[in-house]
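Engineer: Numbering (this note's numbering), first residue to last: 8 to 485. If you scroll down you'll find the structure; I have some questions about it.
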Amino acid sequence: MIYEAVGRNTDLLLVRGVGYASGGWEEEEEGEDGDDSRERKESVKCAVETYLEMELGISVTSVAKLKKHHPTLFQLSLTNKVKPVVNFMSSLLGYDVSSSTFTMQPKQKKQVSKLITNHPMLFQLDVASNLEPTARFLQTCCDLSNKELSTVIASTPGALGLSVENNLKPTIQFLTNVIREGVPSKPGGDSNGEDATIAKLRKCILKHPQILALSLLNLRAKMDYFDEIDELSHAGDENEEDDDKEHDNKGSLAARILVSAPSAYSLSLKDNIVPKIEFLGKHLWRCPVPASPWAEDNDESIDSCDVTTGCSLSERLREYPQILTLSLDGNIRPTLSFYNMTGYIEIDGHGLPQKPVSHHQPFIRSRYIATSLYNRLLPRWHYLLEEQDRKQQLLNSDESGTATPKYIITPAGEDSTHLPPLHLLAGAGDEVFCRQMKLSLTDYLAFKEEATPRLKFNTQFDMWLKTGRPIDLVASRD
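Shown next as structure tokens:
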């Protein structure tokens with residue numbers, strides 16, 4: 008019980024230093040007036056509490072929670088501890104606190120208040136000996152500008168509470184090594200290569216500053232799993248030497264994900280990454296996947312899947328690593344249900360993809376799975392349905408007869424060879440989509456603005472999200 012209590016609140020270990028005057032609790036035994044001592048302590052608590060509420064605008068409820076879970080915060084000196092930390096954090100966030108006329112603005116109050124309520128332990132640290140050296144280290148080793156440092160601190164203020172020697176240095180060195188060894192080298196000297204490594208590290212940190220707080224054990228586990236996917240992608244090739252050269256030119260999957268989708272490293276390997284890889288690799292793309300202790304080995308549909316020869320899971324993940332950050336049930340499955348309903352793939356009774364039915368689309372690429380269902384796929388498909396109906400009416404009324412449109416949206420289960428190519432429906436921007444499909448961009452954008460909220464909150468679509476039941480696209484237009 009003591010171990011659990013300390014794990015929840017490490018302040019319990021503080022018996023000297025923070026929040027305690029020298030010999031603080033023994034002063035009464037040494038002859039000091041107990042009532043005066045208690046009054047001084049209450050005065051300190053009131054001063055901090057008043058400052059948090061009146062100066063920083065923290066709500067009474069939030070202050071009460073801080074007093075309950077972090078009582079030592081209210082035992083700190085307002086002048087020597089709390090205010091210096093607030094001023095330092097404000098300066099990191101880009102505010103000029105050195106001016107004598109400096110007044111905290113509402114936006115600044117909101118940022119600082121959020122920082123205090125979420126990371127009150129930062130106020131236990133000394134500005135000169137802890138916070139400032141840590142911030143300087145982050146800025147130097149990651150080559151961050153003042154504005155970029157502000158972005159990192161605003162996103163992950165807890166990074167300032169990490170030990171430079173025991174946490175930040177090993178983590179940043181690990182990330183640097185993954186990038187240096189896994190990103191394909193370009194022509195140029197060593198200095199150019201090192202500059203490129205630092206640039207990619209900065210890109211990674213700015214995209215997902217929270218990666219700094221992950222343990223090395225956590226990071227290595229993800230990297231090892233991604234490396235296994237790489238090994239499977241070229242295992243069994245006849246010419247291993249050529250394959251190794253090709254792998255070197257492409258770099259490692261772990262590095263590709265780290266630079267393009269670093270937030271994937273914050274996901275649970277067991278509960279998020281592995282189930283997603285199992286679904287995408289085995290069911291959708293028919294690729295070999297690494298063995299995992301968490302795989303659904305008892306699922307016959309997985310064991311008996313038709314694995315495509317020469318299929319590379321690594322290449323399909325490299326194309327758009329951000330797919331790993333999508334929710335399997337909230338994003339990937341609904342998008343595949345859309346492709347099933349529109350005839351690009353077939354999904355069986357268990358909701359698992361079968362072989363693609365479109366001759367023009369051998370598989371659903373990762374970037375197409377990541378396409379926004381609300382803001383791109385559904386509006387475009389519904390607009391195409393309306394345009395097809397309108398053009399069909401014109402054809403019926405045209406006595407001379409007009410050629411059949413190049414792309415035809417057919418009912419599910421019928422010939423899908425004339426479906427709009429996915430590189431237009433899912434991959435192209437609005438301007439290119441309308442130009443290639445010979446549609447009015449102005450009319451489409453007006454339709455999109457009007458229809459997107461309606462489609463998003465459509466009762467039938469809401470039922471689809473909850474139950475997985477496909478949408479009847481034709482019926483939903485009536």
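Think of the CB as a built atom: it goes at the ideal place given N, C-alpha and C, for glycine as much as any other residue.
Identify every run of the alpha helix (DSSP H) within the region 141-173, keeping only runs that are complete inside it and at least 4 residues long; order them along the chain.
Structural biologist: With a minimum length of 4 residues, the continuous alpha helix (DSSP H) runs that stay inside the region 141-173 are 153-162.
Engineer: Does L99 pass the burial test, meaning 16 or more other C-beta atoms within 10 Å, or should it be called exposed?
Structural biologist: Buried: at least 16 other Cβ atoms inside 10 Å.
Engineer: So, helix, strand or coil for I354, using DSSP?
Structural biologist: DSSP places I354 in strand when its eight states are reduced to three.
Engineer: What is the DSSP secondary structure of W388, reduced to helix, strand or coil?
Structural biologist: Correct three-state label for W388: helix.
Engineer: Give me the Cα-Cα distance between L448 and R340, rounded to the nearest whole angstrom.
Structural biologist: Cα-Cα distance, rounded: 30 angstroms.
Engineer: Please determine, among K445, P386, F440, A433, the residue with the shortest C-alpha to C-alpha distance to P460.
Structural biologist: Among K445, P386, F440, A433, the Cα nearest to that of P460 belongs to P386.
Engineer: Which first and last residues belong to the alpha helix (DSSP H) in which K117 is found?
Structural biologist: Where K117 is concerned, the enclosing alpha helix (DSSP H) stretches over 113-125.
Engineer: Could you check the C-alpha separation between Y232 and P297 for me, to the nearest Å?
Structural biologist: The alpha-carbon atoms of Y232 and P297 are separated by roughly 8 angstroms.
Engineer: Can you say whether R397 is buried or exposed, counting buried as having 16 or more other CB atoms within 10 angstroms of its CB?
Structural biologist: With fewer than 16 Cβ atoms within 10 Å of its Cβ, R397 is classed as exposed.
Engineer: Run through DSSP, which three-state label would G101 get?
Structural biologist: DSSP places G101 in coil when its eight states are reduced to three.
Engineer: Give the DSSP-derived three-state secondary structure of D197 in the structure shown.
Structural biologist: Bear in mind that the predicted position of D197 carries a pLDDT of just 49, short of 50, making it unreliable; the figure below should be weighed with that in mind. Reduced to three states, the DSSP call for D197 is helix.
Engineer: Using DSSP with H/G/I as helix, E/B as strand and the rest coil, what is L208?
Structural biologist: If DSSP states are grouped into helix, strand and coil, L208 belongs with the helices.
Engineer: Under a three-way DSSP split, which group does R372 fall into?
Structural biologist: R372: coil per DSSP, three-state reduction.
Engineer: With C-beta atoms as the reference, is T204 less than 9 angstroms away from R227?
Structural biologist: Going by C-beta atoms, T204 is not nearer than 9 angstroms to R227.
Engineer: To which residues of the same chain is A268 closer than 7 angstroms at the C-beta, ignoring the five residues directly before and after it?
Structural biologist: Once the five neighbours on either side are set aside, the close Cβ partners of A268 are P328, Q329, L331, T332.
Engineer: Taking the alpha-carbon of V134 as reference, which of G168, L462, S157 has the nearest alpha-carbon?
Structural biologist: Ranking the options by Cα distance to V134, first place goes to G168.
Engineer: Taking P91 as the reference, give the member of V104, T79, F81, D450 with the closest Cα.
Structural biologist: Here the closest residue by C-alpha is V104.
Engineer: Just checking my contact of P295 with L320 at CB under 8 angstroms: how many whole Å lie between their CB atoms?
Structural biologist: The Cβ separation is near 7 angstroms, so the contact holds.
Engineer: Check whether the Cβ atoms of G189 and G288 lie closer than 9 angstroms to each other.
Structural biologist: Taking 9 angstroms as the Cβ cut-off, G189 and G288 do not qualify as a contacting pair.
Engineer: Identify the continuous alpha helix (DSSP H) that holds D336 and give its terminal residues.
Structural biologist: Segment: none, D336 is in no alpha helix (DSSP H) and carries neither H nor E.
Engineer: Could you round the C-beta distance between L63 and P127 to whole angstroms and report it? I think they count as a contact, below 8 angstroms.
Structural biologist: Actually they are not in contact, since the Cβ atoms of L63 and P127 sit about 12 angstroms apart, beyond 8 angstroms.
Engineer: Can you say whether R442 is buried or exposed, counting buried as having 16 or more other CB atoms within 10 angstroms of its CB?
Structural biologist: Looking at its Cβ environment, which holds fewer than 16 other Cβ atoms inside 10 Å, R442 is exposed.
Engineer: What whole-angstrom Cβ distance do Y381 and Y451 have, given they're in contact under 8 angstroms?
Structural biologist: Going by Cβ atoms, the distance from Y381 to Y451 rounds to 15 angstroms, so no, they are not a contact pair.
Engineer: Mind checking whether I495 and K214 have CB atoms under 9 angstroms apart?
Structural biologist: For the chain, the structure presents residues 8 to 485; residue 495 sits outside this window and is missing.
Engineer: Identify, in the order they occur along the chain, each residue of the same chain with its Cβ nearer than 8 angstroms to the Cβ of Y272, setting aside the five sequence neighbours on each side.
Structural biologist: Here the set comprises H215, I218, L221, N225, L226, K229, I264, L265.
Engineer: So, helix, strand or coil for D133, using DSSP?
Structural biologist: Coil, per DSSP.
Engineer: CB-CB under 7 angstroms to P177, same chain, minus the five flanking residues each way: which ones, in chain order?
Structural biologist: Same-chain partners within the cutoff: L223.
Engineer: Below 8 angstroms on the Cβ atoms is my contact criterion, and I expect A262 with V171 to pass it. Report the Cβ-Cβ distance as a whole number of Å.
Structural biologist: The pair is not a contact, with the Cβ atoms about 25 angstroms apart (cut-off 8 angstroms).
Engineer: Return yes when the Cβ of V89 is within less than 9 angstroms of the Cβ of V55, no when it is not.
Structural biologist: Contact: yes.
Engineer: Is DSSP giving T178 helix, strand or coil here?
Structural biologist: Correct three-state label for T178: helix.
Engineer: Are there 16 or more other CB atoms within 10 angstroms of the CB of E394, so buried, or fewer, so exposed?
Structural biologist: When all chains shown are included, E394 counts as buried.
Engineer: Give the secondary structure of P460 by DSSP, where H, G and I count as helix, E and B as strand, and everything else as coil.
Structural biologist: In the structure shown, P460 sits in a helix (DSSP, three-state: H, G or I).
Engineer: Taking its Cβ as the centre, do 16 or more other Cβ atoms sit within 10 Å of K283, making it buried, or is it exposed?
Structural biologist: Answer is buried; the Cβ neighbour count reaches 16.
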